[in-house]
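Asker: Would you mind keeping the following structure in view while I ask a few things?
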Amino acid sequence: MSRKASDNVEYTLRSLSNLMGEKKRRKPDEAAGERTLIAADSCTSINSQSSAATAPSCAAGDELERAARRQFQQDVTPGFVYVVSVFSALGGFLFGYDTGVVSGAMLLLKKDMNLSALWQELLVSSTVGAAALSALAGGVLNGIVGRRPCILFASILFIAGAAVLAAAPDKETLLGGRVVVGLGIGIASMTVPVYIAEAAPPHLRGRLVTINTLFITGGQFFAAVMDGAFSYLPRDGWRYMLGLSALPAILQFLGFLFLPESPRWLIQKGQTQKARRVLSRIRGVQTIDEEYDSIKNSIDEEEKEVGAGGPVIYRMLVYPPTRRALIVGCGLQLFQQLAGINTVMYYSATILQMSGVDDDRLAIWLSAITAFTNFSFTLVGVWLVEKVGRRKLTLGSLTGTTLALIVLALGFLLSAQVSPPITLKPTDPASQNSTCSKYSFCTGCMLDSSCGFCYKVNGSNIIDSSCIPVDPKTTEQSAWGRCTNETKSKSGTNWAYNYCPTSYSWTALLGLVLYLVFFAPGMGPMPWTVNSEIYPLWARSTGNACSSGVNWICNVMISLTFLHTAEYLTYYGVFFLYAGFASVGLIFIYGCLPETKGKKLEEIESLFENRLCTCGASESDEGRYIEYIRVKGSNYHLSDNDASDVE
Ligand SMILES: O[C@H]1[C@H](O)[C@@H](O)[C@H](O)[C@@H](O)[C@H]1O
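So the sequence shown is residues 8 to 654, counted in my numbering.
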């Protein structure tokens, strides 16, 4: 593409963002911003000379100061940074869509392609496994070629993967497509938060990076809706489900042809002129010297302190502040996954069946409601992150998540205790020889993946119940006897696979909803947000690669072992186990996560300088405000302490 064409499109994007800025400036109370600033300025100047005498004339000082702050925030936040963030967050949307869509697609695929359980597991876990590998490799790639080419490369992988999946003639090609998509997800998951954090102004960084997680959960919700919609097609519905992700990927690719490289990466690579141009473009102001110098100085200082030789991961491990940051970053991602979010997301249909839902399509639509809860409560996180800060949000969220896990576990425990007994023993030799004949209660039968519970209902009582082997081809019926599809309606029996009919099953639904309400605003987004900001520039790609790798590896481990662990520990045992993991996470986060809200990226390293635990380090809104005033050339004093900063 010619330079001129690219300049034109960039001009259009910028006009769009300027327009957003213009609109804002036209609001009446904000139009007075500059005047307010001057008024507040004279008020505080007088104050600094004779505070007692002038106190009455400054009675409205607080109000003026607030207006001046509002003006400051608009001045340093042009709309362009939102355009940059939204195009980047399309990577998050694809991450959510491609990990979410497979559960619904699988229901159709296993019939169309006659997939065995092993192939189903392969198609799900190959994507997550590939994401783990490419997230780890993405660190090196980011450092060498930059953030923008990595995002472009990820969108190419998403487009190619979607095309292969939509056209796949056999299961081997499907597997190839899922691996390609997984490679894209891994690179996007580690690059996008870093890119947004490096482009955002400090007071909005948390919110903009959290928008990426909003897009992840939005992608998961959209995938669930598409799963529901295309499940009505008689054939090939899965091709549309899997192929649709090409559209946002194409949009992202086109957008990124015109979006700039991260200014911090450019400065690190010595491309100073380009970095200055990008900085003034995304800040929308000419006076970027302050920010440029602060980034440049911190890079120079870091090089002096840490040295430039040896692999980055080695230098991170031997330098205490980055080692501590790495422990915190990886720990957050570890506990995000150990709290079991993806068993809830991937197995919500199964968990909902425990609440008595025995229709496949209904289960898909109910999973869409679960995904919607996750999405809408992530929005609460976007709103809260700059208000209460990362630390309080994460701690509050994990506390609620732990309680919700206990509710889930108690729900399953109650259900197990009132589990219906098995009253009929099979008479035919084939049934007698199977493991199903050894259970006396429904719970045992439910947890054995080769058996299902066959029963009749008389009023509110369960009668004539038996545990029979499941049909190896479909879990919708028993292999033989009263609960095959042909005999069910004639004999008036019901077939329960993977669940037991009990009057306490609503507690599972309650626990599930509570879980997402608490998890989504904090534990969902904060590990990504915090990781994007806690490493110094030289260690940022590697730090994020490692922590994203930890996230994906634990994701595979937990989601693949869920059903097997439930066989050994029962369902309530698994949820008690996750509640245990979450409690350990709570202690870890309480002790180790500092507050990074409002800090400049270059200041955050100092939070990890002295010890592992820097609990509740304060924000620096005031500092940034003073800096803004200095940039504007005023001699503005907030208080005696701040005054010394200004001069
Ligand atoms: O932050 C995200 C989000 O919470 C998703 O819902 C979940 O599926 C991902 O594993 C997690 O990393």
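Each residue gets a CB set at the ideal place from its N, CA and C atoms; glycine is no exception.
1) Relative to ligand 1, is the shortest distance from any of its heavy atoms to the C-beta of Met-352 smaller than 7 Å?
2) Using a threshold of 7 Å, is the CB atom of Gly-531 nearer than that to any non-hydrogen atom of ligand 1?
3) So Ser-238 is in the beta strand (DSSP E); what residue range does that whole segment cover?
4) So, with DSSP's three-state summary, where would you put Ala-503?
5) Is there at least one non-hydrogen atom of ligand 1 closer than 7 Å to the beta-carbon of Trp-545?
6) Consult DSSP for Ile-413 and reduce its assignment to one of helix, strand or coil.
7) Given 7 Å as the limit, tell me if Thr-217 has its C-beta closer than that to any heavy atom belonging to ligand 1.
8) Using the Cα positions of Ser-555 and Cys-337, report the straight-line distance between them to the nearest angstrom.
9) Below 8 Å on the Cβ atoms is my guess for Ala-173 versus Leu-249; work out the distance and round it to an integer in Å.
10) Under the rule that 16 or more other beta-carbon atoms within 10 Å means buried, what is Arg-271, buried or exposed?
11) Can Asn-349 be considered in contact with ligand 1, in the sense that its beta carbon sits closer than 7 Å to one or more heavy atoms?
12) Taking 7 Å as the cut-off, is the C-beta of Gln-280 nearer than that to any heavy atom in ligand 1?
13) By DSSP, does Asp-307 sit in helix, in strand, or in coil?
14) What distance in whole Å lies between the Cβ atoms of Asp-234 and Val-108, which are believed to be in contact at a cut-off of 8 Å?
15) Here's the rule I'm using: 16 or more other beta-carbon atoms within 10 Å means buried, otherwise exposed. How should Glu-297 be labelled?
16) Bridge partners for Pro-476 per DSSP, in chain order?
17) Tyr-585 by DSSP, collapsed to three states: which one?
18) Do you know offhand how far Phe-595's Cα is from Gln-344's?
19) Taking its Cβ as the centre, do 16 or more other Cβ atoms sit within 10 Å of Pro-528, making it buried, or is it exposed?
20) Can at least three beta-carbon pairs, one atom from the segment 129 to 137 and one from the segment 264 to 278, be found at a separation below 8 Å?
21) How long is the line joining the alpha carbons of Val-395 and Ala-142, rounded to whole angstroms?
22) Quick one: is the Cβ of Thr-224 within less than 7 Å of any heavy atom of ligand 1?
23) On the three-state DSSP scale, how would you describe Asp-119?
24) My guess is that Val-201 and Arg-547 are in contact by the Cβ rule of under 8 Å, so how many angstroms apart are they, rounded?
25) Alpha carbon to alpha carbon, how far is Asp-435 from Leu-160? Give it in angstroms, no decimals.
26) Buried or exposed for Val-325, please, with buried defined as at least 16 other CB atoms from any protein chain shown within 10 angstroms of its CB.
27) How far does the alpha helix (DSSP H) with Ser-133 in it reach, from first residue to last?
28) Whose CA, out of Ile-194, Phe-165, Val-351, lies closest to the CA of Thr-568?
29) Are the beta-carbon atoms belonging to Trp-7 and Leu-116 less than 8 Å from one another?
30) Here's a check: name, in chain order, each residue in its chain whose Cβ is nearer than 8 Å to the Cβ of Ala-253, leaving out the five neighbours to either side.
31) Please list the segments of the alpha helix (DSSP H) lying wholly inside the segment 236 to 296, counting only runs of 4 or more residues, in order along the chain.
32) Could you give the first and the last residue of the continuous alpha helix (DSSP H) run that contains Asp-321?
33) Once the 5 residues before and after Leu-258 are set aside, which same chain residues still bring their CB inside 7 Å of it?
34) Comparing C-alpha positions only, which one of Arg-154, Gly-587, Lys-480 sits nearest to Ser-123?
35) Spell out the partners DSSP gives Asn-465 in its beta bridges.
36) Compute the minimum distance between the beta carbon of Asn-538 and the heavy atoms of ligand 1, and state whether it is under 7 Å.
Answerer: The structure says:
1) Counted from its first residue, the sequence shown places residue 352 at position 345. Within the cutoff, so yes.
2) Taking the sequence shown and counting its residues from 1, one reaches residue 531 at position 524. Yes, the Cβ of Gly-531 comes within 7 Å of a heavy atom of ligand 1.
3) Translated into the one-based positions of the sequence shown, residue 238 becomes position 231. Where Ser-238 is concerned, there is no enclosing beta strand (DSSP E), given that its DSSP letter is neither H nor E.
4) Position 496 of the sequence shown, counted from the start, is the residue given in the question as residue 503. DSSP places Ala-503 in strand when its eight states are reduced to three.
5) Translated into the one-based positions of the sequence shown, residue 545 becomes position 538. The answer is no for Trp-545.
6) Translated into the one-based positions of the sequence shown, residue 413 becomes position 406. Three-state DSSP puts Ile-413 in a helix.
7) The count along the sequence shown starts at 1 and reaches residue 217 at position 210. Not one heavy atom of ligand 1 is found less than 7 Å from the C-beta of Thr-217.
8) What you label residue 555 is simply residue 548 of the sequence shown in a count that begins at 1. What you label residue 337 is simply residue 330 of the sequence shown in a count that begins at 1. Whole-angstrom Cα-Cα distance: 8 Å.
9) What you label residue 173 is simply residue 166 of the sequence shown in a count that begins at 1. What you label residue 249 is simply residue 242 of the sequence shown in a count that begins at 1. With a Cβ gap of about 6 Å, Ala-173 and Leu-249 count as contacting.
10) As a first step, residue 271 is located in the sequence shown; it is residue number 264 there, counting from the start. Arg-271 comes out buried.
11) Taking the sequence shown and counting its residues from 1, one reaches residue 349 at position 342. Checking every heavy atom of ligand 1 against the Cβ of Asn-349, one is found closer than 7 Å.
12) Taking the sequence shown and counting its residues from 1, the one referred to as residue 280 is at position 273. Checking the Cβ of Gln-280 against ligand 1 gives no.
13) For the purposes of this step, residue 307 is identified with residue 300 of the sequence shown, where counting begins at 1. Asp-307 falls in the helix class under three-state DSSP.
14) For the purposes of this step, residue 108 is identified with residue 101 of the sequence shown, where counting begins at 1. For the purposes of this step, residue 234 is identified with residue 227 of the sequence shown, where counting begins at 1. Contact holds; Cβ gap of about 6 Å.
15) Taking the sequence shown and counting its residues from 1, the one referred to as residue 297 is at position 290. With fewer than 16 neighbouring CB atoms inside 10 Å of its own CB, Glu-297 falls in the exposed class.
16) Here residue 476 refers to the residue found at position 469 of the sequence shown. Partner(s): Cys-458.
17) The sequence position of residue 585 within the sequence shown is 578, counting from 1. Reduced to three states, the DSSP call for Tyr-585 is helix.
18) Position 588 of the sequence shown holds residue 595. Position 337 of the sequence shown holds residue 344. So the two alpha carbons sit approximately 14 Å from each other.
19) By one-based count along the sequence shown, residue 528 stands at place 521. Pro-528 comes out buried.
20) Segments in contact, no.
21) Position 388 of the sequence shown, counting from 1, holds the residue named residue 395. Position 135 of the sequence shown, counting from 1, holds the residue named residue 142. When rounded, the distance between both Cα atoms is 30 Å.
22) Taking the sequence shown and counting its residues from 1, one reaches residue 224 at position 217. Checking the Cβ of Thr-224 against ligand 1 gives yes.
23) Counted from its first residue, the sequence shown places residue 119 at position 112. Helix, per DSSP.
24) On the sequence shown, residue 201 is found 194 positions in, with the first residue counted as 1. On the sequence shown, residue 547 is found 540 positions in, with the first residue counted as 1. Their Cβ separation, rounded to whole angstroms, is 6 Å, which keeps Val-201 and Arg-547 in contact under 8 Å.
25) For the purposes of this step, residue 160 is taken as the residue at position 153 of the sequence shown. For the purposes of this step, residue 435 is taken as the residue at position 428 of the sequence shown. Looking at the sequence shown, residue 160 is not Leu but Phe. Rounded to whole angstroms, Phe-160 to Asp-435 spans 60 Å at the Cα level.
26) On the sequence shown, position 318 is the one that residue 325 refers to. By the neighbour-count rule (16 or more Cβ atoms within 10 Å), Val-325 is not buried but exposed.
27) Numbered from its first residue, the sequence shown carries residue 133 at position 126. Per DSSP, Ser-133 belongs to the alpha helix (DSSP H) from 124 to 152.
28) Start at 1 with the first residue of the sequence shown, and residue 568 comes out as number 561. If we check each option's Cα against that of Thr-568, Val-351 comes out closest.
29) Residue coverage of the chain in this structure runs from 8 to 654, which leaves residue 7 outside it and unanswerable.
30) As a first step, residue 253 is located in the sequence shown; it is residue number 246 there, counting from the start. Cβ within range, chain order: Phe-165, Ile-166, Ala-169, Ala-170, Ala-173.
31) Listed in chain order, the complete alpha helix (DSSP H) runs (minimum 4 residues) inside the segment 236 to 296 are 244 to 250, 253 to 265, 270 to 275, 279 to 290.
32) By one-based count along the sequence shown, residue 321 stands at place 314. The sequence given here has Tyr at residue 321, not Asp. Here the alpha helix (DSSP H) through Tyr-321 covers 319 to 325.
33) Position 251 of the sequence shown, counting from 1, holds the residue named residue 258. So the qualifying residues of the chain are Leu-97.
34) Residue numbering aside, residue 123 sits at position 116 when the sequence shown is read from its first letter. Comparing alpha-carbon positions, the option among Arg-154, Gly-587, Lys-480 lying closest to Ser-123 turns out to be Lys-480.
35) Counting from one through the sequence shown, the residue named residue 465 turns up at place 458. Asn-465 is bridged by DSSP to Asn-468.
36) As a position in the sequence shown, residue 538 is number 531, starting the count at 1. In this structure, Asn-538 has its beta carbon at no less than 7 Å from each heavy atom of ligand 1.
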